[in-house]
Amino acid sequence: MKNLVLLALISCLVACGGGGGGSNHQTSSTYASSISSDSSSFSSVPALKDLADFPIGMEVSAADQPRSIFIEKSQLPTINKHFNSLVAGVIMKMSFLHPEEFNYHYTDADDLADYAAENGMILHGHTLIWHWDSQIPDWMKNYTGDWQAMLDDHVTQITAHFAGKVVSWDVVNEAIDPETESGFRESIFYQKLGSKYIENAFIAAREADPAAVLYYNDFAMEASQRKLELMLAMLDDFKERGIPVDGVGFQMHTNIFDPSIEQIQASFKAVADRGYIVRISEMDVTVNRFNEQFFYNHIKELQKQRYKNIIKAYLAAVPAAQRGGITFWGLVDGESWVNELDPDYRDWPLLFNDDYSPKPAFFGVVEALLDE
Ligand code: XIL
832 MKNLVLLALI SCLVACGGGG GGSNHQTSST YASSISSDSS SFSSVPALKD
882 LADFPIGMEV SAADQPRSIF IEKSQLPTIN KHFNSLVAGV IMKMSFLHPE
932 EFNYHYTDAD DLADYAAENG MILHGHTLIW HWDSQIPDWM KNYTGDWQAM
982 LDDHVTQITA HFAGKVVSWD VVNEAIDPET ESGFRESIFY QKLGSKYIEN
1032 AFIAAREADP AAVLYYNDFA MEASQRKLEL MLAMLDDFKE RGIPVDGVGF
1082 QMHTNIFDPS IEQIQASFKA VADRGYIVRI SEMDVTVNRF NEQFFYNHIK
1132 ELQKQRYKNI IKAYLAAVPA AQRGGITFWG LVDGESWVNE LDPDYRDWPL
1182 LFNDDYSPKP AFFGVVEALL DE
């Protein structure tokens, strides 16, 4: 609660309709005046990255992809102001980085790494192994040779190339499946190698870049008790056998309805208690379960509270030294991946409106971070 005084000050200023006077703390006073007057003003809101002692990240497009940061430059002031960590939404996945067996494509990701470095940001690598059909290159799907050797090479080459440019990796993404008997997703990797491919990927990544922080990343571990338990059993087994996993990424593609905050907090804690670093790696909070056409004000408020409560749960469950940070999966609602999935469905899951003005959700994040 180191910012209790600031919060009290903010509440007073807002309640009194006052401006920013009376405080010599730039962040709190400008935040207060932004709420009481123009909450969309760029310069009057605090920078999220200044409110945390851990990375605050943003998922971005790059290369020639839609909304690439190298093309859609209107987004850069907002990204540069609030975030000190970047992750590529698409261009560091398998098929993009490794389009042919003997051809690795690095130039676009190198450009992103340069952008991050030039702007004082870290780059998180996502992801070395993922089952998503369109992200597995065709040559790999049809591969008939030694699968383990091939995947080792994939992980080794990419991790070694980005050593010194990428601080951490999602080594394996979404390998657990609570619906299967084995508890593992029956991806092509599992079909070829069983669950061994997971540990071998971590071993290869550690060897190729000993300095990189290595994450297992997955969704809904906070929502499915069985999925969490399967993942914890895998971690415990890995720990016993010395498999080098440093942390766990909770994607946190969630919504305003469920699961409960208590369940979310307990799932963070179960991982933190085992000594792992915990990241919120792909956060977004959907609101539109009932397919409404409008984003009503009371829903905006519920979304704000949900962002705030999840981040508070993270801060409560994960000791400061084990916080890998919080990354949001997209900047403005219009670009969210959830709006790519189905043309008849629309949602508003992120922190900013399409004109880059901050939503109430943004202020929920601010309040959670200040409230520590
Ligand atoms: C999504 C991207 O945001 C989309 O643009 C792409 O078409 C598909 O992948 N879990 C993950 C992310 O780990 O890689 C996914 O990103 C969202 C779900």
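For the sequence shown, our numbering gives the first residue as 832, with consecutive numbering after it.
Where is the CB? At the ideal position from N, CA and C, for every residue including glycine.
Note that the structure is predicted; figures quoted are calculated from it, not measured.
Asked                                                                                                                                                                 : Found
Could you check the C-alpha separation between Glu1113 and Gly1078 for me, to the nearest Å?                                                                          : 15 Å
Note down the Cα distance separating Ala940 from Gln896, rounded to an integer number of angstroms.                                                                   : 12 Å
Taking just the CA atoms, how far does Asn1086 sit from Phe914?                                                                                                       : 23 Å
Thinking C-beta only, is Gly956 closer than 8 Å to Thr1158?                                                                                                           : no
Between the alpha carbons of Ile1141 and Asn973, how many angstroms are there, rounded?                                                                               : 42 Å
Can you list, in chain order, the residues of its chain whose CB lies under 7 Å from that of Trp961, leaving out five sequence neighbours each side?                  : Lys924, Met925, Asn1004, Glu1005
Please report the distance separating the alpha-carbon of Pro1075 from that of Val1002.                                                                               : 11 Å
If we call anything under 8 Å between Cβ atoms a contact, is Ala1205 one with Phe1099?                                                                                : Nothing about residue 1205 can be read from this structure; the chain reaches only from 832 to 1203.
Exposed or buried, Arg1057, counting other C-beta atoms within 10 Å across all chains shown (16 or more means buried)?                                                : exposed
When the Cα of Ala994 is compared with those of Glu1038, Gly1014, Tyr1021, Ile967, which residue comes out closest?                                                   : Glu1038
Tell me the DSSP bridge mates of Thr1117?                                                                                                                             : Asn1086
Can you find the residues in the same chain that come closer than 7 Å, C-beta to C-beta, to Ser865, ignoring five residues on each side of it along the sequence?     : Bear in mind that the predicted position of Ser865 carries a pLDDT of just 35, short of 50, making it unreliable; the figure below should be weighed with that in mind. Excluding residues within five positions, the ones whose Cβ falls inside 7 Å are Ser872, Ser875, Val876.
Roughly how many angstroms lie between the CA atoms of Ile900 and Gln906, to the nearest whole one?                                                                   : 7 Å
Can you tell me whether Leu1182 is buried or exposed? The criterion is at least 16 other CB atoms within 10 Å of its CB, across all chains shown.                     : buried
Roughly how many angstroms separate the alpha carbons of Ala1103 and Tyr1046, rounded to a whole number?                                                              : 13 Å
Determine which residues share a DSSP beta bridge with Val998 and list them.                                                                                          : Answer by DSSP bridge pairing: none, since Val998 is not bridged.
Does DSSP classify Gly976 as helix, strand or coil?                                                                                                                   : coil
Count the other CB atoms within 10 Å of the CB of Thr1011; is the residue buried (16 or more) or exposed (fewer)?                                                     : exposed
Grouping DSSP H, G and I as helix and E and B as strand, with all else coil, what is Asn950?                                                                          : coil
Measure the alpha-carbon distance for Tyr1138 versus Leu1059 and round it to whole angstroms.                                                                         : 21 Å
Here's a check: name, in chain order, each residue in its chain whose Cβ is nearer than 7 Å to the Cβ of Arg1177, leaving out the five neighbours to either side.     : Asn1119, Asn1170
Is Glu1171 close to the ligand ZN? I mean its beta-carbon at under 7 Å from any heavy atom of the ligand.                                                             : This structure lacks the ligand ZN; the ligands present are the ligand XIL.
Is DSSP giving Leu837 helix, strand or coil here?                                                                                                                     : Legend: pLDDT at Leu837 = 38, less than 50; position of this residue unreliable, value from coordinates given subsequently. Three-state result, Leu837: helix.
Go ahead and label Asn1048 buried or exposed: buried means 16 or more other beta carbons lie within 10 angstroms of its beta carbon, across all protein chains shown. : buried
Can you tell me whether Ser999 is buried or exposed? The criterion is at least 16 other CB atoms within 10 Å of its CB, across all chains shown.                      : buried
CA-CA distance, Thr1237 and Tyr1127?                                                                                                                                  : With the chain covering only 832 through 1203, there is no way to say anything about residue 1237.
Following the continuous alpha helix (DSSP H) through Arg1154, name the residue where it begins and the one where it ends.                                            : No alpha helix (DSSP H) holds Arg1154; the beta strand (DSSP E) holding it covers 1154-1159.
So which of Leu1146, Gly1156, Arg1072 has the shortest CA-CA distance to Ile781?                                                                                      : Past the boundaries of the shown model lies residue 781; the chain is included only from 832 to 1203, so the question cannot be answered.
Kindly identify the DSSP beta-bridge partner or partners of Ala919.                                                                                                   : Val891
Considering only the alpha carbon of each residue, which of Ile1019, Val1044, Gly1014 lies closest to Tyr1061?                                                        : Note that residue 1061 corresponds to Leu in the displayed sequence, not to Tyr. Nearest of Ile1019, Val1044, Gly1014 to Leu1061, Cα basis: Gly1014.
Considering only residues of the same chain and omitting the five flanking positions on each side of Phe1125, which have a CB-CB separation below 6 Å?                : none
DSSP three-state call for Arg1137: helix, strand or coil?                                                                                                             : helix
List, from N- to C-terminal side, the beta strand (DSSP E) runs of 3 residues or more that fit wholly inside the stretch 1041-1067.                                   : 1044-1049
If you run the structure through DSSP and keep just helix, strand and coil, what is Thr909?                                                                           : helix
Taking C-alpha atoms, which residue in Ile922, Ala878, Leu879, Ser916 lies nearest to Arg898?                                                                         : Ile922
Give me whichever residues DSSP pairs with Phe1183 in a beta bridge.                                                                                                  : Val1163, Pro1189
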